[in-house]
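In terms of this note's numbering, the sequence shown is numbered consecutively and its last residue is 168.
Note that beta-carbon positions come from the ideal geometry of N, C-alpha and C, so glycine has one too.
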Amino acid sequence: MTIETTINGMVHTLSIRSGDRLVDILRKDLKITSLLPDCRGGTCGRCLIIMDGRLCHSCLLPAFKAQGADISTYERVSESPVALAVEKGFIEDGQHPCQFCRTAKIMVLTDLLIKSPLPDREEILDHLELVPCPCTDPEALSSTVQKVAEHINRRKFNREK
8 MTIETTINGM VHTLSIRSGD RLVDILRKDL KITSLLPDCR GGTCGRCLII MDGRLCHSCL
68 LPAFKAQGAD ISTYERVSES PVALAVEKGF IEDGQHPCQF CRTAKIMVLT DLLIKSPLPD
128 REEILDHLEL VPCPCTDPEA LSSTVQKVAE HINRRKFNRE K
């Protein structure tokens, strides 16, 4: 079977088999190294993508579901101003997610800040549950994300302090 999909802004035609998972096709055929199917059950967050505007675990998606979809991986998301602000916030607040979960936390928090420009503590904690790694304190990370959101919004409305 052949599918056509847009991945990180480029249209790709991919040959797949009926049992293929999207994460495996993206890693094997397109060499997208940020995706790691570690848990194979959608619990670790290392396979997160944004497909048609929704955060998804690519290890749980059959590859055929990507037909006609617009997919962004960490490689593309990490270049966005919001993701760069999240990374800067990590550094400024001394938050150091481990190498295991760093990309997943950036994906989750960037997605949240795009959809909810001023998230409250509960929204942030709910999103962080998608990446259950204990390397950072969720409460401290929530505070960092709120600071990042306020900074982004001040810049957006030219109210820089």
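- Annotation: the continuous alpha helix (DSSP H) that includes Met114 extends over 109-122.
- Taking a cut-off of 8 Å for Cβ pairs, the stretch 100-108 and the stretch 119-126 do not touch, as fewer than three such pairs fall below it.
- When C-beta atoms of the stretch 71-78 are compared with those of the stretch 44-61, three or more pairs fall below 8 Å, so the two segments count as touching.
- Following the DSSP letters along the chain, one finds His64 inside the beta strand (DSSP E) bounded by residues 61-64.
- Your pair Leu68 and Leu29 checks out as a contact, with CB atoms roughly 4 Å apart and the cut at 8 Å.
- Nearest to Met114 by alpha-carbon distance, out of Thr50, Val89, Leu37, is Val89.
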